[in-house]
Amino acid sequence: MLIALTVVLTIVVVLNLVLTFALLRRVVGAESRLATIERGAPTMAEVGERIEEFTAATTTGEILTRDELTPGTVIGFFDPDCELCQSHVAGFSATAAAIGDRTRTLAVIREAEEADLMAQAFGPGVRTVIEKRRGPVARAFHVHATPSFCTVGPGQTIASHDYQQPALV
0 MLIALTVVLT IVVVLNLVLT FALLRRVVGA ESRLATIERG APTMAEVGER
50 IEEFTAATTT GEILTRDELT PGTVIGFFDP DCELCQSHVA GFSATAAAIG
100 DRTRTLAVIR EAEEADLMAQ AFGPGVRTVI EKRRGPVARA FHVHATPSFC
150 TVGPGQTIAS HDYQQPALV
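Here numbering that gives the first Met the number 0 is used: the first residue of the sequence shown is 0, the next is one more, and so on.
This is the structure in structure tokens:
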């Protein structure tokens with residue numbers, strides 16, 4: 000009886016150790032994934048990358064291509080269903096007003112029920128494009144998440160990832 004109890008207890012201890020080590024490996028893996036998330040995965044193409052070719056129609060019917068993006072153009076990608084995106088509408092609009100040239104601002108809005116309302120919130124001072132998820136403009140900028148922002152540099156490259164401090168305005 001004592002031998003059987005010792006064998007059972009040994010099996011339980013070994014099983015406990017195996018489970019503990021497995022749990023520790025998962026915790027270490029989760030910590031490394033969290034560190035990656037905290038550093039921030041890129042939400043769009045990197046600074047210095049050239050914007051790919053695209054053609055899109057604005058909400059006013061203008062045809063827009065990559066070649067029309069001049070240095071200093073500020074671009075934002077928004078999703079009407081994203082609260083964080085909605086919180087950036089006023090700041091982006093204020094930046095557009097400060098620039099004062101409608102051709103140097105662009106808001107790309109993901110097609111959704113409230114996309115028209117968001118486009119109206121930007122007002123006439125911001126060119127807006129409403130497109131499907133991963134539409135031509137989003138693909139040209141390699142957008143993976145919203146909100147995403149950039150300022151266009153020379154040669155249709157990305158100069159920065161912020162609309163607060165357009166580097167070339």
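Every residue gets a Cβ at the ideal spot worked out from N, C-alpha and C, and that includes glycine.
Fair warning: this is a prediction, and the values are worked out from it, not measured in the lab.
For Arg109, no alpha helix (DSSP H) segment is defined; the enclosing uninterrupted segment is the beta strand (DSSP E) at 104 to 109. Annotation: Val142 to Leu23 spans about 35 Å, alpha carbon to alpha carbon. Setting aside the 5 residues that flank it on each side, Pro79 is surrounded in the same chain by Gln85, Ile108, Arg109, Ala111, Glu112, Glu113, Ala114, Leu116, Met117, each with a C-beta closer than 8 Å to its C-beta; the list follows chain order.
By the C-beta density criterion, Glu67 is exposed, having fewer than 16 other C-beta atoms within 10 angstroms.
Only residues of its own chain outside the window of five on either side were considered, and among them Ala44, Val46, Glu48, Cys149 have a CB closer than 6 Å to the CB of Ile157, listed in chain order. Selection Arg132, Phe53, Leu63 evaluated against Ala139 yields Phe53 as nearest (Cα-Cα). Nearest neighbour of Thr104 by Cα position, chosen from Val151, His87, Leu83, turns out to be Val151. Taking C-beta atoms under 8 Å as the contact rule, Pro146 and Phe76 qualify, at a distance of about 6 Å. In this structure, the straight-line span from the alpha carbon of Arg132 to that of Arg101 is close to 24 Å.
For the pair Arg126 and Thr42, the CB atoms are not nearer than the 8 Å cut-off. Counting C-beta atoms within 10 angstroms of its own C-beta, Gly154 has fewer than 16 neighbours from the protein chains shown and is therefore classed as exposed.
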